[in-house]
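Protein chains: 4
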Amino acid sequence: MKIWLIGAYGIVSTTAMAGQKAIEKELIDKTGLVSELPQFEGIDKYAPLKIDFGGHEIRPKSNAYEALLEHWEANKHFDKEILEAVREDLEKIVARKGTAINCGEGVRALGKLETLEDENKTLGEIVDQLSKDMKSFADDETVVINTASTEPMIKYEEKYHGSLDGFEKMIEEDKKEYASASMLYAYAALKNRLPYGNFTPSVGTNIPALKELAIENKVPHAGNDGKTGETLVKTTLAPMFAYRNLEVVGWMSYNILGDLDGLVLSFKENKESKVVSKDKVLEKIFGYSPYSITQIEYFPSLVDNKTAFDFVHFKGFMGKLMKFYFIWDAIDAIVAAPLVIDIARFLIFAKKKGMYGVIKELGFFFKSPMDTDEVNTHKQFEILVNWFQRNR
Amino acid sequence: MKIWLIGAYGIVSTTAMAGQKAIEKELIDKTGLVSELPQFEGIDKYAPLKIDFGGHEIRPKSNAYEALLEHWEANKHFDKEILEAVREDLEKIVARKGTAINCGEGVRALGKLETLEDENKTLGEIVDQLSKDMKSFADDETVVINTASTEPMIKYEEKYHGSLDGFEKMIEEDKKEYASASMLYAYAALKNRLPYGNFTPSVGTNIPALKELAIENKVPHAGNDGKTGETLVKTTLAPMFAYRNLEVVGWMSYNILGDLDGLVLSFKENKESKVVSKDKVLEKIFGYSPYSITQIEYFPSLVDNKTAFDFVHFKGFMGKLMKFYFIWDAIDAIVAAPLVIDIARFLIFAKKKGMYGVIKELGFFFKSPMDTDEVNTHKQFEILVNWFQRNR
Amino acid sequence: MKIWLIGAYGIVSTTAMAGQKAIEKELIDKTGLVSELPQFEGIDKYAPLKIDFGGHEIRPKSNAYEALLEHWEANKHFDKEILEAVREDLEKIVARKGTAINCGEGVRALGKLETLEDENKTLGEIVDQLSKDMKSFADDETVVINTASTEPMIKYEEKYHGSLDGFEKMIEEDKKEYASASMLYAYAALKNRLPYGNFTPSVGTNIPALKELAIENKVPHAGNDGKTGETLVKTTLAPMFAYRNLEVVGWMSYNILGDLDGLVLSFKENKESKVVSKDKVLEKIFGYSPYSITQIEYFPSLVDNKTAFDFVHFKGFMGKLMKFYFIWDAIDAIVAAPLVIDIARFLIFAKKKGMYGVIKELGFFFKSPMDTDEVNTHKQFEILVNWFQRNR
Amino acid sequence: MKIWLIGAYGIVSTTAMAGQKAIEKELIDKTGLVSELPQFEGIDKYAPLKIDFGGHEIRPKSNAYEALLEHWEANKHFDKEILEAVREDLEKIVARKGTAINCGEGVRALGKLETLEDENKTLGEIVDQLSKDMKSFADDETVVINTASTEPMIKYEEKYHGSLDGFEKMIEEDKKEYASASMLYAYAALKNRLPYGNFTPSVGTNIPALKELAIENKVPHAGNDGKTGETLVKTTLAPMFAYRNLEVVGWMSYNILGDLDGLVLSFKENKESKVVSKDKVLEKIFGYSPYSITQIEYFPSLVDNKTAFDFVHFKGFMGKLMKFYFIWDAIDAIVAAPLVIDIARFLIFAKKKGMYGVIKELGFFFKSPMDTDEVNTHKQFEILVNWFQRNR
Ligand SMILES: NC(=O)c1ccc[n+]([C@@H]2O[C@H](COP(=O)([O-])OP(=O)(O)OC[C@H]3O[C@@H](n4cnc5c(N)ncnc54)[C@H](O)[C@@H]3O)[C@@H](O)[C@H]2O)c1
Ligand SMILES: NC(=O)c1ccc[n+]([C@@H]2O[C@H](COP(=O)([O-])OP(=O)(O)OC[C@H]3O[C@@H](n4cnc5c(N)ncnc54)[C@H](O)[C@@H]3O)[C@@H](O)[C@H]2O)c1
Ligand SMILES: NC(=O)c1ccc[n+]([C@@H]2O[C@H](COP(=O)([O-])OP(=O)(O)OC[C@H]3O[C@@H](n4cnc5c(N)ncnc54)[C@H](O)[C@@H]3O)[C@@H](O)[C@H]2O)c1
Ligand SMILES: NC(=O)c1ccc[n+]([C@@H]2O[C@H](COP(=O)([O-])OP(=O)(O)OC[C@H]3O[C@@H](n4cnc5c(N)ncnc54)[C@H](O)[C@@H]3O)[C@@H](O)[C@H]2O)c1
Ligand code: NA
Ligand code: NA
């Protein structure tokens, strides 16, 4: 199978590539890959662990190895031997020039960028180019995954986002202020009938227009925003308070990280969509909204070592207040990269099984799962397992 | 309904009494009571929240109020107004003299004790007395719950523990070295056809002899060891690592607490059964045994404020080691007391539904659930809910 | 001696009053009082622990007991017996109406206020009234301490703040936009020759105009901002990294608290002066500025239980990055209240010894000590001890 | 100058060698070296940062590089480039065979050992050999530092440990049961007039017999037990509670580590001297003994990444209990290695200045500083600085 990565030179993307190649070379085991659990036996028949990569980028680099090397120098997040062993494979992966339309100041801060819109292209021309790039790479078993930097939230505009017709009119009329890069990539993917997974909080396929297109073109898609760190823990742990009828009166979630991702998020507008996408899970689990803080701040020396500090204030029997604290100290790219592969595999599985539209059973992988209110990690895992086992 | 508490003057017992009375007086809400969740609607029909208390004790006190007052002075674990409001009710609760056979040095350290064996009674005479005490209190809707101090582990002796006949021979022949207090209480309860719940790691009904008696007498029972603090968190959180195919390479669990419970556990032999009962959950969840530390130490100034420090060392994609820490800072009696009421209610429900023997669907409440390997808190909750809803 | 408290009905003020009265009644020991350490033997001769209280307020309450009772209901920060024992004493303490000029939205959010400026008074009239209130209470051994809510930072204006003449012209010309409440209180105190301590980050005496007045009137004063929680720990711990030549590459300080103080700080402008006053200590200790985060957020359920989360990222030998975390879980009023008494005592001592102007040797008590760069807690303590012992 | 390391192939020793060589090659800066702080300007004149290494060992390895490579593979505690750059230098460092007399089960668990006593040597012969080894390496600017695995505590025996005569009689009479390896090394060092620093909790020179020899031979020595992790933080932080008259009612210190050091300490008898050496600092700082826990447990996956969990329970004004937690997450060899170099440099400085006997001004570097009760890190630093500046 093949994966086309939007943001192909990011740390999540390049770590996924390196890990996948290391697995193919039997240098590492399959730790971290959900799809390799015994519960998913048989997935290999539909989506074997043999994957080619391509993608779009806006930071000019010679190839994925060059990009990964920079991330690796800053993070040393796996053994140098592995880096060297996959070097040749990654040198062959060269991303195509993408678009950064309405990606905000945070993305501009990434340094020298090269985008399609630099060349004064219209929306129509941009979309055509993205689509052509994907088509020239893709086969029947190709998935597009968005792992690009988080865009600012774009204001929802019924006229252009509410229907496929409207969306295509927006393109036609070159209404750039209503388009964001992630929508255009998603549109190109679905147009090419390529399953699409949104690992980011950016809008991606999450507007009626593109959901309509997915149905029309019979393409499965899933999102949004990979659930990897603090939210993963939160949605695993919060149910415990609910089961025990303990009332959560406050939940503080404070995240720090460095790296490009942290840098982009340090820009207020790009952060916004991140903060919002994390906000609703507690309410969904508890049925009420405890006072909560969810913050992400830039902390350069940590690089990709996202650290989360959580404090839960809860009330027990007879009104007694009690406390729970946790610290999550993990490498974001390491927890994220295998999920990119998992999502792609399950989307291929869905496609082969004739499913299309939002695959809500993949909610397990996302902070803001589309078209479902189930955010309890335990239930999501059960749903995923049942869905797979019922259909395999 | 009625609850007969072994260890009636302990902090868990007296807090349960005070909380229940405060609920009856509508002074507090029902936070902390699992059985009051919407999922268990209808339980009231079988086990209304209107409860009388009695029990056995070995520390001589005038009544439950005097005992609670001491715990309260040390812990201030709820509002003084509540204490005063339930005073009269608790003054009426006077425990009967119990037995401390083979309860070890830890229990002896509790201070001046008064036990049946002081009077040179044989096992047979002790059991008779315990049984008579229970019978004089109990009605058809009475449950016995063991909330006494943790006994040392007693060596399993097939001859006397392996069958009901053997057990009764042990009593007859007055083989005191093979009996422990918790067995004798449990035997008396089952003989009286009273459902029995074991909130402690002590042996209770957890020997073939008494399981046989429960079947023979058609009595439901459940145990062992209330799952309240660190183990509750651990069995909620550990599945997350499993779902994500993350390998846990080490799990440190370090608990400190003061109070009588902490004092008893500070004696090596009494601690043993506590440590053992916590040891196996990780293996059951992961299918492998990560290196693990489980320790409980005495820390007097915390009194009943059990604090747990956990550190999880886990391996992700590409072999990367990462870290997770948590601190649990709760009041043991507060998290435990409502469960005593919950367990009693569900046992009455079981009895009225004609169930008997080990009610393994109550595993949700226990650290070492009898006759089941399911320790995942989430699954246990689902099992409990399904069981109740199927049968109500 | 006597203490006149600006913000007399706040939790710090009323807790100081209650604690002092409880000490006088020998209900509690002297834990928390720095001035009662053996190193300060002899202070009693100058400033015995027998203190009367008065003060200014803007929240209308009948008396200090009523105010304290509200704080106590929310915090239960000491035993009810003590509260009852000091009730009568506190009922006698009735604050005078103060001013809230330029105290911002945060202070307005405190609820119904009554201030001198309500009555359309000029600056001159306000100052006169404040001064009269103080004079009618004060004797030769009276100190004024500012424990009022934090004001927004006021823009420094050389013309009116740079000299005593300018300041008095500002009053005369009724230039309200340049005055803040804390300045006016401080001015009234110094005019009355009353030593002044600023427990808050508000400007207080910290402008050339008032420093000049202190010199002219020969009054000792000290500030700013009581060093109680995270900054206390930080300035104790940071030197360790310096002594060991370890390079701190990042220091995160994240504070949450509820209560009136938290509420006021939840208003951006009022928070600003708080954040700024914490920012510079690391640079002063290290001689370089590590990347740092200092944040305070409102967390209502904690009430006065300020909790601080700190993370220190430091580099050791051979460039290795390592980590240190701490959590501070204390009651703000409890750590602050005794310092109010300490500061007052040491200011009386200073006055009796003929000292005046900024008493920089009191830097130990402050987050932003005036006229000194020494913020290392250890050194500050040594300086305080030496100063006292040299002069006593 | 030269350093002779007892335990030359340990991780502390080999990391010190690698770091020193990397400094000489200007590959790394001097972070972590106390002696390179501006306060110690001038030390270079006495003890330039140009150091040759030798030492004793009991684990047979070809050379220090081979030993370091093993530690490095397990820990990756510095960049591989550095490892490669110092390879040749470390290959030249070949340790001499040492003694492991009475080093206990923990040391035996290190694997295949080669020791002088294997060859049936008497104490006299062993000491002669150790002494010869040192002499053949040493010059006038050579220091011996003990960084070998921690020995079990040896029972103090006045007859043989109480005087130099007794000690030499012990050797003469070959009373092996009274000798421990660290004593013999220390004796050999002092006999050769080589300054001796004890980085471990083993006895080393800490008996009257060897203190006498140091005086007689006019040799400076210092110890015991490098203060690097939790004790460093504890002795920095505890004074804060003292300065503020806050009463510490409990202090929990829980340490986990892997590695050879962790393995050795996992043996009860070897751990004992470690636990005891940490126990007394709180009492020295507070003047009273709070309830305290000090534990070290083996946690293999952490390797040399010692992690400490501390909890401080303290009482403030009006009797209120409050809490402080810290987590120390550092690499033991990284925090220790530069101190080995520092201690050696300051001992050479002392020697050149004609000082001898215990140099108590070096207490800053040790958990159990000899001949002084000053354990406050801050004061120790001041003492060190003053001593150096007064004498340089
Ligand atoms: N790592 C995690 O655990 C995690 C979890 C959830 C979501 N995410 C999201 O995944 C995304 C990737 O994270 P990362 O850590 O790899 O970040 P990164 O900054 O390393 O990578 C993002 C890449 O996208 C590129 N890019 C930015 N805008 C683009 C555009 N419009 N078109 C094409 N390429 C573009 C950037 O040049 C960069 O190479 C982020 O949005 C992040 O918020 C990550
Ligand atoms: N609190 C929790 O969260 C929790 C969780 C799981 C298990 N437990 C267990 O529950 C039990 C009660 O805990 P607690 O905190 O109330 O302890 P506690 O010490 O306050 O109460 C125990 C009571 O049992 C009495 N007792 C001891 N041996 C007895 C005997 N043989 N017969 C009759 N009475 C006896 C004691 O006198 C005491 O009054 C302990 O075994 C504890 O380990 C508690
Ligand atoms: N508690 C600590 O540890 C600590 C440490 C450092 C600084 N402080 C500062 O001390 C001050 C008091 O803290 P608190 O917790 O007692 O707060 P609080 O809100 O309980 O008390 C402040 C009191 O000041 C009154 N007030 C507000 N503006 C006033 C004005 N202009 N004139 C007269 N009264 C006024 C309020 O009505 C209130 O009663 C705050 O500024 C806080 O930032 C507290
Ligand atoms: N790393 C720290 O922060 C720190 C702090 C204080 C004390 N220490 C102490 O320093 C010592 C070294 O620590 P490490 O982490 O390098 O341990 P390590 O196990 O890596 O090294 C110890 C070395 O000593 C050797 N050895 C053991 N017994 C010996 C003997 N009798 N003669 C000669 N060699 C012997 C071992 O073979 C090993 O190579 C330990 O005693 C440790 O407790 C370390
Ligand atoms: Na990232
Ligand atoms: Na070590």
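Protein sequences, first through last, are from chains A, B, C and D.
Heads up: the first sequence begins at 3 in this note's numbering, then just goes up one per residue.
Heads up: the second sequence begins at 3 in this note's numbering, then just goes up one per residue.
Heads up: the third sequence begins at 3 in this note's numbering, then just goes up one per residue.
Heads up: the fourth sequence begins at 3 in this note's numbering, then just goes up one per residue.
C-beta atoms are modelled at their ideal positions from N, C-alpha and C, and glycine is treated no differently.
All of these numbers come straight from a predicted model, not from anything done at the bench.
Check                                                                                                                     : Outcome
Contact between the region 3-21 of chain D and the region 136-150 of chain D (3+ Cβ pairs under 8 Å)                      : yes
Glu179 (chain B) burial status per 10 Å Cβ neighbour count (16 or more: buried)                                           : exposed
Ile13 (chain A) to Val314 (chain A) span [Cα, whole Å]                                                                    : 31 Å
Three CB pairs or more closer than 8 Å across the region 223-243 of chain C and the region 313-332 of chain C             : yes
Span separating the alpha-carbon of Ala20 (chain A) from that of Tyr358 (chain D)                                         : 59 Å
Inter-residue spacing [alpha-carbon to alpha-carbon] between Leu386 (chain D) and Pro340 (chain D)                        : 16 Å
Whether Tyr163 (chain B) touches Arg98 (chain B) by CB criterion (7 Å)                                                    : Note on identity: in this sequence residue 163 (chain B) is His, with Tyr being the wrong assignment. Going by C-beta atoms, His163 (chain B) is not nearer than 7 Å to Arg98 (chain B).
Those runs of the beta strand (DSSP E) which lie wholly inside the region 48-103 of chain C and span at least 3 residues  : 54-59
Burial state of Lys369 (chain C) (16 or more Cβ within 10 Å)                                                              : buried
Rounded Cβ spacing between Ser151 (chain A) and Gly108 (chain A) (contact assumed at less than 8 Å)                       : 7 Å
Check whether Met136 (chain A) and Ala188 (chain A) have beta carbons under 7 Å apart                                     : no
Sequence-distant residues of the same chain with beta carbon closer than 6 Å to Asp306 (chain C), five excluded per side  : Ile13, Asn77, Asp261, Ile333, Asp334 and Ala335
For Gly106 (chain D) and Glu153 (chain D), believed in contact at Cβ under 8 Å, the rounded distance                      : 7 Å
Touch test, the region 366-385 of chain A against the region 16-31 of chain B, Cβ-Cβ under 8 Å, three pairs minimum       : no
Other residues of its chain near Asn378 (chain D): CB distance less than 7 Å, five sequence neighbours each side excluded : Thr237, Pro241 and Ile287
Boundaries of the alpha helix (DSSP H) in which Lys354 (chain A) is found, first to last residue                          : Asp334 to Lys354
Glu119 (chain B) versus Asp263 (chain D) - alpha carbon distance                                                          : 51 Å
Phe269 (chain B) in three-state terms, based on DSSP                                                                      : coil
Rounded C-alpha distance that separates Leu115 (chain C) from Ile60 (chain C)                                             : 5 Å
Distance cut-off 6 Å: Ser255 (chain D) Cβ against heavy atoms of ligand 4                                                 : no
Segments of 4+ residues assigned as alpha helix (DSSP H) that fall wholly inside the region 273-329 of chain A            : 283-288
Short Cβ contact (7 Å threshold) for Gly225 (chain A) with Met372 (chain A)                                               : yes
The beta strand (DSSP E) enclosing Pro222 (chain C), as first and last residue numbers                                    : Pro222 to Gly225
Minimum Cβ-Cβ distance from Tyr293 (chain D) to chain B less than 7 Å                                                     : yes
Segments assigned alpha helix (DSSP H), at least 4 residues, entirely inside the region 128-192 of chain B                : 160-163 and 166-174
Among D:Leu196, D:Asp91, D:Ile84 and D:Ile258, nearest to Asp54 (chain D) - alpha-carbon criterion                        : D:Asp91
Cβ-heavy atom distance, Glu1 (chain C) to ligand 3, below 6 Å                                                             : Because chain C spans 3 through 394 in this model, residue 1 (chain C) falls outside it and cannot be assessed.
Rounded C-alpha distance that separates Ser255 (chain B) from Phe269 (chain B)                                            : 19 Å
C-alpha distance - Phe311 (chain C) paired with Glu68 (chain D), whole-angstrom precision                                 : 42 Å
Minimum Cβ-Cβ distance from Ile30 (chain B) to chain A less than 7 Å                                                      : yes
Contacting residues, own chain, Cβ-Cβ under 6 Å from Gly56 (chain B) (five flanking each side not counted)                : Trp6 and Phe139
Ligand 1 heavy atom lying under 6 Å from the CB of Asp261 (chain C)                                                       : no
Interface flag, Ser268 (chain A) vs chain C, CB-CB below 7 Å                                                              : no
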